[in-house]
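Using our numbering, you'd call the opening residue of the sequence shown number 1 and step up by one each time. Virtual Cβ for every residue (Gly too), placed ideally from N, Cα, C.
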Amino acid sequence: VTTVLNVLQTLERLVDDQAKIGSYYEKFGKLFAGAEDEQIKGLGERLSGVARRLQLIGNKMELAGKTLDGEDFDWDSYRGKVVLVDFFASWCGPCRAEMPNVKKNYELYHDKGFEVVGISVDRSREDLEKYLADNPVPWKIIFNEDPNAVGPANPGDYYGILAIPTVMLVDKDGKVITFEARGEALSAKLAEIFGPAEDDSADKSDASQGEG
1 VTTVLNVLQT LERLVDDQAK IGSYYEKFGK LFAGAEDEQI KGLGERLSGV ARRLQLIGNK
61 MELAGKTLDG EDFDWDSYRG KVVLVDFFAS WCGPCRAEMP NVKKNYELYH DKGFEVVGIS
121 VDRSREDLEK YLADNPVPWK IIFNEDPNAV GPANPGDYYG ILAIPTVMLV DKDGKVITFE
181 ARGEALSAKL AEIFGPAEDD SADKSDASQG EG
């Protein structure tokens, strides 16, 4: 089972056709889902989730669940916006490293119609809340505390998130544009969609130097 998962993950990194790789995950997911062993069966469900995720490009993404504030998450309210869906965790070093870039792009493009939805895969609410207290964000965070939640209400499992950070850029119609939306790739894609951003911090710096 571990060998199959390793092979699939290697193919995912090497092959550009994500939908084709998704079909492999789907086949093994269905095969393992019928097993009597609960561990293998659980892996089958995760593989099916990966297949679902890899086949999202050009298709609509479903999201549901509860926000960290306890509210029902309203995915439909994001239509008409370009949304970065960001799967992360408080303990994830690369997630922490990427956060300043996401915040910067949010500040640059939010007024033009850019939104972010964070989906925490933390197991501990306390750890997540502590992290966000030290690193506050202006966008909604989905946090699943129900171990029995299934479907879009449990996004981490529903989309087979095996590693983080995992991001998806979603267009105004709710369709996934790309999974490559971190670092400079995010800035470039948003500039392509919205046009060049005006960096207010740079303008203010130039103005202050002029006054001096």
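query: Straight-line Cα distance separating residue 63 from residue 181; result: 19 Å
query: Under 8 Å between C-beta atoms of residue 214 and residue 157; result: Only positions 1 to 212 of the chain appear in the structure, and residue 214 is not among them; the question remains open.
query: Beta-carbon proximity of residue 177 to residue 167, cut-off 8 Å; result: no
query: Those residues which DSSP pairs with residue 73 across a bridge; result: Paired residue(s): none; residue 73 is not in a bridge.
query: Beta bridge counterpart(s) of residue 118 as assigned by DSSP; result: 86, 141
query: Which listed residue (85, 48, 183, 106) has its alpha carbon closest to that of residue 94; result: 183
query: Backbone secondary structure at residue 57 - three-state DSSP; result: strand
query: The stretch 73 to 84 touching the stretch 119 to 132, judged by at least three CB pairs closer than 8 Å; result: no
query: One or two residues paired with residue 50 in a DSSP bridge; result: Bridge partners of residue 50: none, in fact.
query: Whether residue 87 touches residue 164 by CB criterion (8 Å); result: yes
query: Within the stretch 143 to 200, ranges of the alpha helix (DSSP H) (whole runs, at least 4 residues); result: 155 to 158, 184 to 194
query: Cut-off 6 Å between Cβ atoms - residues of its own chain near residue 144, not counting five sequence neighbours on either side; result: 65, 154
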